[in-house]
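Enquirer:
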Amino acid sequence: MLDFVQMLGHNSLKFTRRLGGSFCFLCASLLRWPRWRRSFPLLIEQIYFIGVYSLLIIIISAAFIGMVLALQGHNTLEKFSASSQLGQLLALSVIRELGPVICALLFAGRAGSAIAAEIGLMQTTEQLASMEMMGVDPLWRIISPRFWAGFYVMPLLVLIFDMVAILGGYLISVDWLALDAGTFWSNMQSSVDFYTDVVNSVLKGLAFGFVVTWVSVYQGYYAPPNAEGISHATTRAVVYSSVFVLGLDLILTAVMLGGW
Amino acid sequence: MNQHVVMENLYFERDNHIIFSNLNLKIARNKVTAIMGPSGSGKTTLLKLIGAQLYPKRGKILFNGKNIHHLSRKELNNARCQMGLLFQEAALFTHLNVFENVAFPLRENSELLDFMIRDLVLMHLETVGLRGTALLKPSQLSSGMARRVALARTIALDPSLIMYDEPFTGQDPITMAVLMRLIQHLNRVLGLTTVIVSHDVQETLSIADYVYIIFDGKVVGEGRPQKILASENLAVQQFTHGLADGIIPFHYPAEDYRKDLGLADA
Ligand SMILES: Nc1ncnc2c1ncn2[C@@H]1O[C@H](COP(=O)(O)OP(=O)(O)OP(=O)(O)O)[C@@H](O)[C@H]1O
Ligand SMILES: [Mg+2]
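Residue numbers (the numbering used here), protein chains in the order written: chain A, 866 to 1125; chain B, 2 to 267.
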């Protein structure tokens, strides 16, 4: 029993220390004097790597999810002869929840793991240390562009996801289930609010992008310098950021529905 | 000012394992200083302390007369540009090719135009004899070549101090000779203060002006190579002659062996 309490205390202390450490790490990499002329190309490069490479998987997943949602929604709504509301159902669930959350999970799997592995490898092979010895700060040169890129890219990916998912749902509803296109769109239009739905979706995207890149970058940077360390860091980057995203989603949804 | 780097009463520990207990060491300007010691004695750690990648618990390291661990970030970056550290593994940037690797410090730290950078990089690559590899990726190089590219990258910023961490390990005799000549060349022609960390006794002693032997957190022997070879000190003798038995243990400190195996008499 005492052992258990001790272990609990030990682990929570360890967790708190990690949290504090990662916060300091975050501040250290973000609170830099920006050198625009040098930073900007680095940022663009990372946006390309992180964003464009995640684009394909996000578009494909969005299309499938939109289609499945339309099929399932139609199946249920039909029982209440409310299938005209399908557009509304589709848009609200995608824009409010599925878009940001699934996008963040895919982003963690695609970009987060890549970031963690890349930085972990650079740390292990002393590339970051030798960069430091050349008077170049790795936090500024390597970490911060990846971080900002994730932050900027996620909202855009979420918007793309939302659009593609709705289009996928539209294809199924109108072309396959033969619903009326006009009803589909007009019901959707009258129920989706720009501020409470679309803007919140983008805000969630920003928050999730922040969390996923933070976790991935931190895990990579502090990976133990060996192959096992990197593989653990990659796994942890994906697992932790997924869990954090889902937890954060609950909080954000509560705040947003709470009439904020 | 004749001393490039001075270490005074350095104390450093890692995970409660004392690595340096009271280390005093001076590195003379424009000379080749060798630091030798058995594996695990903290030679790499020492270089990282000089580069301020690690911070000592007590004691200080003066670089050009200034305490390197008390500099502001900007001053530290400037100081680091004046010192080159060649890591044990070459630590080339894997996502860049050889040319870009050597160009990296120039691009980051200077405002030179592209054509000047190109010329400088090609000159440095020529110095290490690898101009022909400019377009290869680091993964396409052998480890000896990678180390020479790393050398070219390190001298790109014209440092006044260059530190080599085990430059000879795993090199064939020819590369070894080439590297030694290169190190000497850089020292004599460019006047670079050179620090070599190594346990290749013969090679190192042949090019060093001054030698330190560290063991157990302290300097146990120092002097010109001839003096070191003639030293009476047991640890120094054991090290320079490569004797298996002596006061330098082969084993990392551990619990009593018999007890560990469960053989201890009750
Ligand atoms: N990251 C680390 N964390 C904890 N202890 C470390 C770490 N790196 C090295 N050490 C310890 O520091 C001591 C000195 O290590 P160092 O790498 O400086 O030795 P070295 O003299 O360079 O050895 P070698 O000749 O084998 O390269 C070792 O006992 C090692 O256990
Ligand atoms: Mg070493």
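Using N, Cα and C, we set each Cβ at its ideal position, and we do this for glycine too.
Tell me the DSSP bridge mates of residue 115(B)?
Expert: Answer by DSSP bridge pairing: none, since residue 115(B) is not bridged.
Enquirer: I need the straight-line Cα distance from residue 957(A) to residue 1053(A), nearest angstrom please.
Expert: One C-alpha to the other measures close to 8 Å.
Enquirer: For residue 88(B) and chain A, any beta-carbon pair shorter than 8 Å?
Expert: For residue 88(B), the answer is yes, since a Cβ of chain A falls inside 8 Å of its Cβ.
Enquirer: Could you have a look at residue 1057(A) and say whether DSSP puts it in helix, strand or coil?
Expert: In this structure, residue 1057(A) counts as coil in the three-state DSSP scheme.
Enquirer: Would you give the residue range spanned by the alpha helix (DSSP H) that residue 60(B) belongs to?
Expert: Careful: residue 60(B) lies outside any alpha helix (DSSP H), inside the beta strand (DSSP E) at 59 to 64.
Enquirer: Taking Cβ-Cβ distances shorter than 8 Å, what residues in chain A pair up with residue 81(B)?
Expert: Neighbours of residue 81(B) on chain A, chain order: 997, 998, 999 and 1000.
Enquirer: Taking buried to mean at least 16 other C-beta atoms within 10 Å of its own C-beta, is residue 1041(A) buried or exposed?
Expert: Residue 1041(A) comes out exposed.
Enquirer: Starting from residue 195(B), follow its DSSP beta bridges and name the residues at the other end.
Expert: Looking at the DSSP assignment, residue 195(B) forms a beta bridge with 33(B) and 163(B).
Enquirer: In the DSSP assignment, find the unbroken beta strand (DSSP E) run with residue 136(B) in it and report its ends.
Expert: Taken as a continuous stretch (DSSP letters only), residue 136(B) belongs to no beta strand (DSSP E), as it is neither H nor E.
Enquirer: Which residues of chain B have a Cβ atom closer than 8 Å to the Cβ of residue 994(A), listed in chain order?
Expert: Near residue 994(A) (Cβ distances below 8 Å), the residues of chain B are 49, 54, 88 and 92.
Enquirer: Using DSSP with H/G/I as helix, E/B as strand and the rest coil, what is residue 84(B)?
Expert: DSSP places residue 84(B) in strand when its eight states are reduced to three.
Enquirer: Looking only at its chain, what residues have a beta carbon closer than 8 Å to the beta carbon of residue 27(B), apart from the 5 residues adjacent to it on each side?
Expert: Excluding positions up to five away in sequence, the list reads 4, 6, 7 and 8.
Enquirer: Using a Cβ-Cβ cut-off of 7 Å (strictly less than) and excluding sequence neighbours within five positions of residue 1076(A), which residues of its own chain qualify?
Expert: So the list reads 1106, 1109, 1110 and 1113, once near-sequence residues are dropped.
Enquirer: Using the beta-carbon count (16 or more within 10 Å), is residue 867(A) buried or exposed?
Expert: Its Cβ having fewer than 16 others within 10 Å, residue 867(A) is exposed.
Enquirer: Excluding the 5 residues flanking residue 72(B) on each side, which residues of the same chain have their C-beta closer than 7 Å to its C-beta?
Expert: Cβ neighbours of residue 72(B) beyond the five flanking positions: 80.
Enquirer: Would you call the region 212 to 222 of chain B and the region 173 to 189 of chain B touching, i.e. three or more CB-CB distances under 8 Å?
Expert: The region 212 to 222 of chain B is not in contact with the region 173 to 189 of chain B.
Enquirer: Are there any heavy atoms of ligand 2 lying less than 7 Å away from the beta-carbon of residue 89(B), as far as the coordinates show?
Expert: Yes, since a heavy atom of ligand 2 falls inside the 7 Å radius drawn around the Cβ of residue 89(B).
Enquirer: Could you please give the first and the last residue of the uninterrupted alpha helix (DSSP H) stretch that includes residue 6(B)?
Expert: Where residue 6(B) is concerned, there is no enclosing alpha helix (DSSP H), although the beta strand (DSSP E) it sits in stretches over 4 to 15.
Enquirer: Mind checking if residue 158(B) is an interface residue toward chain A, Cβ cutoff 8 Å exclusive?
Expert: It does; some Cβ of chain A falls within 8 Å.
Enquirer: Cα separation between residue 1030(A) and residue 966(A)?
Expert: Spanning the two alpha carbons is a distance of roughly 13 Å.
Enquirer: Span of the alpha helix (DSSP H) holding residue 51(B)?
Expert: Segment 44 to 51, the alpha helix (DSSP H) holding residue 51(B).
Enquirer: What is the residue span of the alpha helix (DSSP H) that residue 1105(A) lies within?
Expert: Per DSSP, residue 1105(A) belongs to the alpha helix (DSSP H) from 1092 to 1122.
Enquirer: From this set, 102(B), 224(B) and 13(B), which residue's C-alpha is nearest residue 45(B)'s C-alpha?
Expert: Residue 13(B) is the option with its Cα nearest to residue 45(B).
Enquirer: For ligand 1, is there any heavy atom lying closer than 7 Å to the beta carbon of residue 45(B)?
Expert: Within the cutoff, so yes.
Enquirer: With H, G and I counted as helix, E and B as strand and the rest as coil, what does DSSP make of residue 876(A)?
Expert: Three-state DSSP puts residue 876(A) in a helix.
Enquirer: Quick one: what's residue 211(B) bridged to in DSSP?
Expert: 34(B).
Enquirer: Could you work out which residues of chain A lie near residue 109(B), taking near to mean beta carbons separated by less than 9 Å?
Expert: Ordered by position in chain A, the residues that pass the 9 Å Cβ test against residue 109(B) are 903, 996, 999, 1000, 1001 and 1006.
Enquirer: Below 8 Å between beta carbons: does that hold for residue 236(B) and residue 221(B)?
Expert: Closer than 8 Å, so yes.
Enquirer: My understanding is that residue 88(B) touches residue 994(A), with C-beta atoms under 8 Å, so please give their C-beta distance in whole angstroms.
Expert: The Cβ separation is near 7 Å, so the contact holds.
Enquirer: Could you check if residue 148(B) belongs to the surroundings of ligand 1, using beta carbon to heavy atom distance under 7 Å?
Expert: Because no heavy atom of ligand 1 lies under 7 Å away, the Cβ of residue 148(B) does not count as near it: no.
Enquirer: Taking all protein chains shown into account, do 16 or more other C-beta atoms lie within 10 angstroms of the C-beta of residue 146(B), making it buried, or fewer, making it exposed?
Expert: Buried.
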